[in-house]
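Residue numbers (my numbering), protein chains in the order written: chain A, 13 to 453; chain B, 13 to 453. Cβ atoms here follow ideal geometry from the backbone N, Cα and C, with glycine treated the same way.
Protein chains: 2
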Amino acid sequence: MSNENIEIKSAAVISTGDELVQGRTVDTNSSYIADKLLSTGLEVTSVITVGDYPERIAWAWRDSLANADVVISTGGLGPTADDLTTETLSGVAGVEAELDEEQAQRIRDIFATMGRSMPENNLRQALIPVGGVVIPNQLGTAPGYRLTIPTGDRRPTAIVLPGVPREMMPMLEETVLPWIVSQRSDKRRYFARTFQTFGLSESALDESLAGLVDESEGRLSFRASFPQISARVMVLGETGEAESRLDKLSAKVRGRLGGAIFAEGNTTMEATVGRLLAADGRTLATAESCTGGLVGARLTDVPGSSHYYMGGLVAYSNDVKEKVLGVSPTTLAMFGAVSEETACEMAAGVRRMIGADIGVATTGVAGPGGGSDDKPVGTVAVAISAADIPSGAVATMYQLRGTREWIKTLASQVALDWIRRHLLGLDPLELQFGRRVGRGR
Amino acid sequence: MSNENIEIKSAAVISTGDELVQGRTVDTNSSYIADKLLSTGLEVTSVITVGDYPERIAWAWRDSLANADVVISTGGLGPTADDLTTETLSGVAGVEAELDEEQAQRIRDIFATMGRSMPENNLRQALIPVGGVVIPNQLGTAPGYRLTIPTGDRRPTAIVLPGVPREMMPMLEETVLPWIVSQRSDKRRYFARTFQTFGLSESALDESLAGLVDESEGRLSFRASFPQISARVMVLGETGEAESRLDKLSAKVRGRLGGAIFAEGNTTMEATVGRLLAADGRTLATAESCTGGLVGARLTDVPGSSHYYMGGLVAYSNDVKEKVLGVSPTTLAMFGAVSEETACEMAAGVRRMIGADIGVATTGVAGPGGGSDDKPVGTVAVAISAADIPSGAVATMYQLRGTREWIKTLASQVALDWIRRHLLGLDPLELQFGRRVGRGR
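Have a look at this one:
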């Protein structure tokens, strides 16, 4: 690493590949890089995406290098004739690309490990522009590199990475970001804390937190990853004092959002529920109608879930609700399959059948068909059964809105949140984007 | 619409929004637009993404208008102070923006329907640059517009759309694309057919179809949407003759890919299985261990699935496999939970328990823990039970690779494909990216 620091105040991103401009692949790399750069205090001024054409790639580089201090590109480092990044960038920089013997040998070794000889093409991947500093790629053949390109009195740096996300991400985290941070004289970076919320809409969250974080103190942003919305507080500063300010702001956020927060950090409702069940040493069974197995699928996405999740029933037909779960035909006839009464019997029935501590049930109208005036599409009843519930089971009905997929996912989130609230002794869930309509049996 | 046609040979896309350059939202709009433009025969030369800064938005417009005949932008049409597209584009075009009275009234009416009065801000959304032609937005408040911007001897057209995908997509399809097609003297467009495949890797598909579609005839592209890969054949030409050429090429593709194709068009494995079950009038039950409910969740994503899917069991613990499904303790002791023997008993057991025509079962090691030398992570057994299977049930074991989520999803796809193959009387699935290791009991 050079002793001469380069001031980095702005960044630009380039994504290269025909599949991107033909709409075959969605560009997730630039989003990922932008997010990571922001955590170092750098905002991305532009993202340019071009296909595998030399003149367009050259235009993207010239434009970006003219407007930003560091330009990070992904794509175009493969072994085929369409992979043009190094050749084009070398041209723009006015240097030759030379074979890096160490990288060439590494690529040969990789193929040897797979019992194959290296195809001639792959040698191109070891071509590095003169003056470039290799960025190691532990998970693929193509090394990345960093190249400072004097332009007038400016010295922007090109950072070239492979397009495969799985390869690019560790290279960014382990080599690129630390290098950028080391170069910046502004040693401040963003320290963040993320709050996972469920129940409030994004505008309600926005209103709740209005005026809490002053622009001079930091940033507040929301990211909707249905069915949850995360609120992220970011504070700009240096280690120690910034973290202390972050703690104070976080306490204020918790005060304002209260029960809408179900977890902190990068996690999910199913992982949160799993942690609580494991801590309590309690087991769970699921009885699903409209969600069709989604609650079980989500629970089992968490490694180690076999310690608390025993299994359950997908009771998609009324026959199965009755004959396998033991829902009384009278209940089905009087209240219907989509009712708090039926949900309670499903939850109690599966708890008994599976022999778990807690049973949770969902039954509803996922749509688009199947609705009635009485129970339109999106009507969903959720119930919990447990030994510490005096009546044996409690249920509530919600009126949800959306597509079939939306309603199923939301219903599964409501069911998981009910388990969480039961374990923590919290009030029942009030949904902003779905009314609670039941009598709360 | 002007009588004077504008020649359109190239297109560029602009995506506007802080959330995009800060990495909070992934840009799916440009991918969607690029894909749709390609079907009209237009390739996108660049996609530029910028944040909500006037000078950057202006740079993006100037650059794109200089390099393309039509520039489509999404974002920046909201009611807030950060929404800068119209103001900025008007400046670049050297015109004023004027209030469109019809659109202003429409926005007032929308709020009135919701029982609210229109916030002052929203009036900004009715500002249209002088010379602009409104593009109606049926699903939101902000109209889009088309504006031709004479630049030297060129006449590129700016097309401005809202950033909300659900609003943008119909506007693109119903107004923008037809307008573009009407302007192009080259009346050729792409006619496409999509083949959904499962079992072959992308490079194996590529090899199978090598040399089939000559560049002069059309294009062949692959899109991986795990766990399936779609192969799309596109032929450039005019209605009638191009469709006839497409039919001939499609027949060749079917000939080459054979059994790897499970459906044509934009569909899924679960929808395909559903159509076959419904056509046969047969019912299905699922017994899931490692997939945890995912097979049921996928089946029930299909509207009308209650006609053929009765439900099933998530037998996540061995206790449940034994006590609820009736898997013999001897089988579990001798062969283990992850075995073809256990899978067969699970499939037969759930068929009996639910009373369905067909039972399907999954049992495996999803990882990352739980593997052994004998049965490493990714070992999955799948079984089918049906009256027309002499022994009652058949099973095979596969060795899959990947993350927990990858293995679960792949296993669910294998299970669904087994049902499909059984209903069609096809050979068992040979997986390219997972070896078939069982004895095929």
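Where do the N-terminal and C-terminal ends of the beta strand (DSSP E) with residue i fall, by residue?
i: residue 44 (chain A); result: Careful: residue 44 (chain A) lies outside any beta strand (DSSP E), inside the alpha helix (DSSP H) at 41–51.
i: residue 210 (chain A); result: No beta strand (DSSP E) contains residue 210 (chain A), which DSSP labels as neither H nor E.
i: residue 234 (chain B); result: 230–237
i: residue 442 (chain B); result: Where residue 442 (chain B) is concerned, there is no enclosing beta strand (DSSP E), given that its DSSP letter is neither H nor E.
i: residue 170 (chain B); result: 169–173
i: residue 323 (chain B); result: 321–327
i: residue 273 (chain A); result: 273–276
i: residue 227 (chain B); result: No beta strand (DSSP E) contains residue 227 (chain B), which DSSP labels as neither H nor E.
i: residue 248 (chain A); result: 240–249
i: residue 60 (chain B); result: 56–62
i: residue 391 (chain B); result: 391–398
Would you say residue i reaches chain B, if we count a Cβ-Cβ gap shorter than 7 Å as a contact?
i: residue 35 (chain A); result: yes
i: residue 14 (chain A); result: Residue placement at residue 14 (chain A) is flagged as unreliable, the pLDDT there being 45, under the threshold of 50; the coordinate-derived value follows with that caveat. With 7 Å as the cut-off, residue 14 (chain A) does not count as an interface residue toward chain B.
i: residue 309 (chain A); result: yes
i: residue 58 (chain A); result: yes
i: residue 62 (chain A); result: yes
i: residue 332 (chain A); result: yes
Return no unless some Cβ of chain A is closer than 7 Å to the Cβ of residue i.
i: residue 262 (chain B); result: no
i: residue 318 (chain B); result: yes
i: residue 192 (chain B); result: no
i: residue 218 (chain B); result: no
i: residue 256 (chain B); result: no
i: residue 390 (chain B); result: no
i: residue 40 (chain B); result: yes
i: residue 26 (chain B); result: no
i: residue 189 (chain B); result: no
i: residue 140 (chain B); result: no
i: residue 225 (chain B); result: no
i: residue 433 (chain B); result: no
i: residue 237 (chain B); result: no
i: residue 340 (chain B); result: no
i: residue 213 (chain B); result: no
i: residue 248 (chain B); result: no
i: residue 443 (chain B); result: no
Which residues in chain A have a C-beta closer than 8 Å to the C-beta of residue i? List them in chain order.
i: residue 202 (chain B); result: Going along chain A, no residue has its Cβ under 8 Å from residue 202 (chain B), so there is no contact; the nearest lies around 11 Å.
Under 7 Å between beta-carbons, which chain B residues line up against residue i? List them in chain order, please.
i: residue 327 (chain A); result: 323
Please work out which residues of its chain come closer than 8 Å, Cβ to Cβ, to residue i, disregarding the five sequence neighbours upstream and downstream, and give them in chain order.
i: residue 71 (chain A); result: 62
i: residue 182 (chain A); result: 150 and 151
i: residue 436 (chain A); result: 288
i: residue 271 (chain A); result: 211, 438 and 439
Please list, in chain order, all residues of the same chain as residue i whose beta carbon is under 7 Å from its beta carbon, the five residues on each side excluded.
i: residue 326 (chain A); result: 300, 304 and 305
i: residue 350 (chain A); result: 375, 376, 377, 387, 391 and 393
i: residue 53 (chain A); result: 198, 200, 201, 202 and 248
i: residue 343 (chain A); result: 353, 354 and 357
For residue i, which residues of its own chain have a beta-carbon under 6 Å away from its beta-carbon, when the five flanking residues on both sides are left out?
i: residue 179 (chain A); result: 149, 151 and 152
i: residue 298 (chain B); result: 307, 308, 324 and 372
i: residue 185 (chain A); result: none
i: residue 32 (chain A); result: 39 and 61
i: residue 434 (chain A); result: 396
Taking residue i as the query, report the chain A residues whose CB atoms sit under 9 Å from its CB, ordered along the chain.
i: residue 360 (chain B); result: The premise fails here: residue 360 (chain B) is roughly 16 Å from chain A at the closest Cβ pair, so nothing lies under 9 Å.
Which residues in chain A sit within 7 Å of residue i, going by Cβ to Cβ distance?
i: residue 222 (chain B); result: Result: empty, since nearest Cβ-Cβ is about 14 Å, beyond 7 Å.
i: residue 344 (chain B); result: Per Cβ cutoff of 7 Å: no residues; residue 344 (chain B) is ~15 Å from chain A at best.
i: residue 46 (chain B); result: 33, 34 and 35
i: residue 380 (chain B); result: 315
i: residue 68 (chain B); result: 57 and 58
i: residue 50 (chain B); result: 34 and 35
Which residue comes first and which comes last in the alpha helix (DSSP H) that contains residue i?
i: residue 105 (chain A); result: 97–105
i: residue 130 (chain B); result: Where residue 130 (chain B) is concerned, there is no enclosing alpha helix (DSSP H), given that its DSSP letter is neither H nor E.
i: residue 354 (chain A); result: 352–366
i: residue 411 (chain A); result: Not the alpha helix (DSSP H): residue 411 (chain A) falls in the beta strand (DSSP E), residues 405–411.
i: residue 179 (chain A); result: 177–183
i: residue 419 (chain A); result: 416–436
For residue i, which residues does DSSP report across the bridge?
i: residue 300 (chain B); result: B:326 and B:374
i: residue 156 (chain A); result: A:147
i: residue 27 (chain B); result: B:61 and B:86
Can you pull the chain B neighbours of residue i, defined as C-beta to C-beta under 8 Å?
i: residue 313 (chain A); result: 304, 416, 417 and 420
i: residue 365 (chain A); result: 336
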